[in-house]
Amino acid sequence: MAGSQETYGKKEREKKRLKKQEEKRKKREERKANAEKGIDQDNMFVYVDHNGHLVDTPPDPSLKVEIEAEDIVLGIPPKEEGEEEDPVREGTVDFFDSSKGFGFIIDAENKERYFVHVSGTLQEIVEGNRVQYELERGQKGMNAVKVKKV
Numbered sequence: 000m001a002g003s004q005e006t007y008g009k010k011e012r013e014k015k016r017l018k019k020q021e022e023k024r025k026k027r028e029e030r031k032a033n034a035e036k037g038i039d040q041d042n043m044f045v046y047v048d049h050n051g052h053l054v055d056t057p058p059d060p061s062l063k064v065e066i067e068a069e070d071i072v073l074g075i076p077p078k079e080e081g082e083e084e085d086p087v088r089e090g091t092v093d094f095f096d097s098s099k100g101f102g103f104i105i106d107a108e109n110k111e112r113y114f115v116h117v118s119g120t121l122q123e124i125v126e127g128n129r130v131q132y133e134l135e136r137g138q139k140g141m142n143a144v145k146v147k148k149v
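Following numbering that gives the first Met the number 0, the numbering of the sequence shown begins with 0 at its first residue and continues without gaps.
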């Protein structure tokens, strides 16, 4: 009968097993040493107080705020009555290339930049014009449509 052969895979698995044992032994010794110094796991925890700051003491239960599950709104809250948003917006033509038929409009309120195509214009526009427009979702974001000079 032939003796067992030590293959490369067997050697590697044995090395991993021994390394794991050694790590466990070091952790155990470290815990013992910390226990002797007075450092235990209770001192290693970090808590978050009611203001969101990291502290080493548990939070005060009297400052805890109860929240009803029905009060939590998932998603966009419904619009309230009388809160109609005007679809017509105003802005300035930042860039417009009439040879290629597209450009960009900067919104007057939020300074967002919106794409505009010549097919979405009602009048001829050039750079610097004040315009009114409506927004419509396009392939790559919001597009300005029904664009006309002010």
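Even for Gly, the Cβ is constructed at its ideal location relative to N, Cα and C.
### Message
Let me check one thing: in DSSP terms, what residues is N142 bridge-paired to?
### Response
For the purposes of this step, residue 142 is taken as residue 143 along the sequence shown, with counting starting at 1. Answer by DSSP bridge pairing, in chain order: F114 and E135.
### Task
Counting only the same chain and skipping the five closest in sequence on each side, list residues whose C-beta sits under 7 Å from that of G102.
One-based indexing of the sequence shown puts residue 102 at position 103. Taking C-beta separations shorter than 7 Å and ignoring five residues to either side along the sequence, the partners of G102 in its chain run V92, F94, F95, D96 and V115, following chain order.
### Query
Can you tell me whether I71 is buried or exposed, with buried defined as 16 or more other CB within 10 angstroms of its CB?
Position 72 of the sequence shown, counting from 1, holds the residue named residue 71. Its Cβ having fewer than 16 others within 10 Å, I71 is exposed.
### Task
From the DSSP output, in three-state form, read off D70 for me.
The residue given as residue 70 occupies position 71 in the sequence shown. If DSSP states are grouped into helix, strand and coil, D70 belongs with the helices.
### Task
Taking all protein chains shown into account, decide if A107 is buried (16 or more other Cβ within 10 angstroms of its Cβ) or exposed.
In the sequence shown, residue 107 corresponds to position 108, counting from 1. Under this definition A107 is an exposed residue.
#### Entry: Paired residues, beta bridge with Y46 - DSSP
Position 47 of the sequence shown, counted from the start, is the residue given in the question as residue 46. Beta-bridge analysis with DSSP links Y46 to V54.
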